[in-house]
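Notes for the one structure printed next.
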Amino acid sequence: MFPFLFSFQNSVIVILIFLLTIKLYVEITKGVCKSTKRLDGKTIIITGANTGIGKETALDLASRGGRIILACRDLKKSSVAKDDIVQKSGNCNVLVKKLDLASLASVRQFAEDILKNEPKLHILINNAGCGGTKQQYTQDGLENQMQSNHFGHFLLTNLLLGLMIRTAEKEQENARIINVSSDANHLCRSLNFEDLNFVRDRMAGTFLAPYKIYGTSKLCNILFSIELANKLELHGRAVTVNSLHPGAVYTEFGRFSSIVSTIMTILVSFLKTPKEGAQTTIYLAVADEVANVTAQYFRDCKIAKPSKLAQDSGMAKKLWDVSETLVRLESYEKFF
Ligand SMILES: NC(=O)c1ccc[n+]([C@@H]2O[C@H](COP(=O)([O-])OP(=O)(O)OC[C@H]3O[C@@H](n4cnc5c(N)ncnc54)[C@H](OP(=O)(O)O)[C@@H]3O)[C@@H](O)[C@H]2O)c1
Numbered sequence: 038m039f040p041f042l043f044s045f046q047n048s049v050i051v052i053l054i055f056l057l058t059i060k061l062y063v064e065i066t067k068g069v070c071k072s073t074k075r076l077d078g079k080t081i082i083i084t085g086a087n088t089g090i091g092k093e094t095a096l097d098l099a100s101r102g103g104r105i106i107l108a109c110r111d112l113k114k115s116s117v118a119k120d121d122i123v124q125k126s127g128n129c130n131v132l133v134k135k136l137d138l139a140s141l142a143s144v145r146q147f148a149e150d151i152l153k154n155e156p157k158l159h160i161l162i163n164n165a166g167c168g169g170t171k172q173q174y175t176q177d178g179l180e181n182q183m184q185s186n187h188f189g190h191f192l193l194t195n196l197l198l199g200l201m202i203r204t205a206e207k208e209q210e211n212a213r214i215i216n217v218s219s220d221a222n223h224l225c226r227s228l229n230f231e232d233l234n235f236v237r238d239r240m241a242g243t244f245l246a247p248y249k250i251y252g253t254s255k256l257c258n259i260l261f262s263i264e265l266a267n268k269l270e271l272h273g274r275a276v277t278v279n280s281l282h283p284g285a286v287y288t289e290f291g292r293f294s295s296i297v298s299t300i301m302t303i304l305v306s307f308l309k310t311p312k313e314g315a316q317t318t319i320y321l322a323v324a325d326e327v328a329n330v331t332a333q334y335f336r337d338c339k340i341a342k343p344s345k346l347a348q349d350s351g352m353a354k355k356l357w358d359v360s361e362t363l364v365r366l367e368s369y370e371k372f373f
């Protein structure tokens with residue numbers, strides 16, 4: 038019995054040392070945005086800003102004096118978030134506008150409202166996302182995660198691009214597009230452009246499908262950033278486009294899947310807080326040293342490497358063409 042106890046104690050010690058090493062690694066490598074740049078006179082749109090990383094990003098950028106538009110699907114939840122942001126930042130220039138990325142009509146309506154009422158747009162943060170949700174299809178016939186995470190943002194960005202380029206050219210300062218992706222891009226090993234919405238995929242409907250779809254949607258965020266940056270290059274790069282992994286962050290993200298929720302609860306003390314998780318997004322939105330950086334993937338406020346597939350410019354171009362078709366981008370909506 039004694040040797041058993043001894044080895045049990047040893048095992049506990051080894052596990053504790055292992056966990057503490059991970060915790061230490063997470064603490065040491067955490068990126069922090071040190072820029073004190075103000076955003077007075079700048080207009081910023083943040084999707085999914087009523088909670089989690091998006092809300093923390095909105096609070097930080099509001100504290101810098103920007104005009105913050107919270108683009109959210111739930112007006113009740115977002116008006117509570119708005120009041121909190123206004124109270125904590127002391128900035129009243131924060132507003133809520135309805136945007137449901139899982140509806141192409143809602144995206145078009147939101148963009149129309151912005152183009153009609155906002156003379157300028159300096160920063161667009163495509164942050165909203167869901168993960169691990171049961172495979173289901175929207176009224177547009179697209180898979181829900183694929184549409185909420187990729188197709189909705191693809192359409193939104195295309196519709197707002199003209200305004201961003203005009204703003205940048207007038208003010209002679211690059212506008213910035215920031216796509217919140219994830220290291221989950223590594224979960225996707227191949228892209229089937231004939232079946233981007235997982236109708237015929239052999240994994241469709243299985244227990245693993247939601248995670249494969251999430252990884253694919255996050256890969257698409259990066260490929261979209263690369264191709265958009267390539268296209269903008271032709272326009273003198275008045276707008277930069279970058280994507281990022283925020284880290285493993287303890288937010289409400291677990292509400293989309295009981296498995297993700299369980300993992301998050303077990304690992305809570307190893308996860309970043311939403312404020313820590315927002316640092317790379319804030320960095321890309323304000324830091325002077327990235328004002329001319331484009332087509333890059335960031336983690337902890339540093340350039341990082343996504344999967345090999347996510348660096349394939351041929352795939353990025355093909356994804357753009359297929360996405361244009363699937364969101365039914367009209368010729369008058371196309372900037373390029
Ligand atoms: N947390 C992490 O560890 C982690 C890791 C890597 C990447 N990310 C990425 O970080 C981003 C923010 O996630 P989070 O952790 O802050 O999650 P969160 O707390 O769950 O926030 C997600 C936000 O996205 C919104 N949203 C989801 N689907 C939408 C739709 N169809 N239309 C409009 N808004 C929609 C949600 O609105 P409702 O409140 O109305 O649902 C919410 O505001 C996501 O893109 C996620 O993929 C997170």
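Under the working numbering, think of the first position of the sequence shown as 38, with each following residue one higher.
Note that the Cβ used here is the ideal one computed from N, Cα and C, for glycine as well.
Note that the structure is predicted; figures quoted are calculated from it, not measured.
Within 7 Å of the C-beta of N164 there is at least one heavy atom belonging to ligand 1.
The continuous stretches of beta strand (DSSP E) do not include K354, which lies in the alpha helix (DSSP H) extending over residues 350-363.
Annotated three-state conformation of R336 is strand, per DSSP. When the five nearest sequence neighbours on each side are left out, the beta carbons in the same chain lying within less than 8 Å of the beta carbon of S126 are those of L96, A99, S100, in order along the chain.
Counting only runs of at least 3 residues, the segment 240-285 fully encloses the following beta strand (DSSP E) elements, listed from N- to C-terminal order: 276-282. DSSP places Y174 within a strand segment (E or B) once states are collapsed to three.
The Cβ atoms of D349 and H282 do not sit closer than 8 Å to each other.
The DSSP-derived three-state label of E180 is strand. Judged by DSSP in its simplified three-state form, A212 adopts strand. The continuous stretches of alpha helix (DSSP H) do not include K71, and DSSP gives it neither H nor E. The count of Cβ pairs closer than 8 Å, one atom from the segment 139-148 and one from the segment 159-166, stays below three, leaving the stretches out of contact. Between the C-alpha atoms of I214 and D150 there is a straight-line separation of about 19 Å.
Nearest neighbour of V63 by Cα position, chosen from G273, F307, R365, E361, turns out to be F307. When secondary structure is reduced to three states using DSSP, K345 falls in the coil class, being assigned neither helix nor strand.
For K153, the closest alpha carbon among the candidates I162, L196, F372, K71 is that of L196.
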